[in-house]
Ligand code: FE2
């Protein structure tokens, strides 16, 4: 079986594309003003910056929100003639850009396009009174994009063109710290080409793999491979549906997103009990807790943990252990009407893996929801 730890496998990634972390995640949404209110009220994101008609942008409005190091950009088109309108018409609200913070956006572009990346945006410098930002972009799965952001010569609020967003409505944060990983769903037989793309074009390493024998329930199955850059700051697990008695949750996603795209964004906290209690009180909906047996068997499966099992069970938090420690995690329901994008809240206590021991409990919870929607 596995001889290297997950941390050791990250070091196998190549360094032609040094990445400092996630710069921002941009969602295309039908109504950015209302989405921004939701992410502030429910998740505790803070108002940071705005670009729109009031700042000289004629065709879109974008709201930038931040919590810890997690930066969300919510963009909406103002007219149907804007190409973003087509994206929303087809996919619904969803993630368009997974932006990566780099030291050299030109080099990132050259290194990836010469290895076969499809061009989204040629390197371009944007300037304002606060300096300059150089950006470039390439396509990944579906219509999703990786932007490379070089901001070493910039001290403005976000990007040139954005102004500080002063709001009188400022709900407290919920303890969310940084993006842990972002998962993509791809179509049938598309996982291996996508994994190869991350290896060859981005220099990432495949640090974990799960096949449909490990990830299955009575009804459905999926396959998953986790891709990581060398320092482990950026991790992109890739899921592909697998044949089962009923429809895979990945198939349901692909059907409703009408293509490949980001399935979930995992965000880290250092106190999951506190964060989840807070999020629930603010109206974030989570998947239902696994059956009592899951918690009765917890000690046997993962050994001793610092948290009280009763408190974890009350919130429906899942626990898993690997050879480096353990982790606690929980998944929200989709954050829009289409059963597409959702969030994961994760607290790592040493473990660098992804909760494989929870997959069955998690998928059974998702299937209960799928069944309610008539999509199982
Ligand atoms: Fe995850």
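Residue numbers (the numbering used here): 40 to 415. For each residue, glycine too, the CB sits at the ideal point set by N, CA and C.
Q: Check whether the Cβ of residue 307 sits closer than 7 Å to any heavy atom of the ligand FE2, and report yes or no.
A: no
**Q.** Three CB pairs or more closer than 8 Å across the region 114 to 132 and the region 296 to 307
**A.** yes
Q. Looking at the structure shown, is residue 419 part of a helix, part of a strand, or coil, going by DSSP?
A. With the chain running from 40 to 415 in the structure shown, residue 419 is simply not present.
Q: Alpha carbon to alpha carbon, how far is residue 55 from residue 319? Give it in angstroms, no decimals.
A: 42 Å
(Q) Could you pull the DSSP bridge partners for residue 189 from this structure? (A) 173
Q.
Less than 7 Å between C-beta atoms, sequence neighbours within five positions excluded: which residues of the same chain meet that for residue 71?
A. 100, 101, 102, 113, 114 and 115
Q | Sheet register partners of residue 137 (DSSP bridge) | A | 64 and 185
**Q.** Proximity of residue 204 and residue 68 at Cβ, strictly below 8 Å
**A.** Not closer than 8 Å, so no.
Q: Please report how far the alpha carbon of residue 395 lies from the alpha carbon of residue 254, in whole angstroms.
A: 8 Å
Q) Are residue 184 and residue 135 closer than 8 Å when you measure CB to CB? A) yes
Q. Shortest alpha-carbon distance to residue 247 belongs to which of 234, 264 and 256?
A. 264
(Q) Taking 6 Å as the limit between beta carbons, can you name the residues of its chain near residue 127, skipping five residues before and five after? (A) 67 and 69
Q) Are there 16 or more other CB atoms within 10 angstroms of the CB of residue 164, so buried, or fewer, so exposed? A) exposed
Q | Cβ-based burial, residue 175 [other Cβ within 10 Å; buried from 16] | A | buried
Q | One or two residues paired with residue 314 in a DSSP bridge | A | Beta bridge pairing from DSSP links residue 314 with no other residue.
Q.
Could you tell me the alpha carbon to alpha carbon distance between residue 89 and residue 166, rounded to whole angstroms?
A. 16 Å
**Q.** residue 62 to residue 230 span [Cα, whole Å]
**A.** 25 Å
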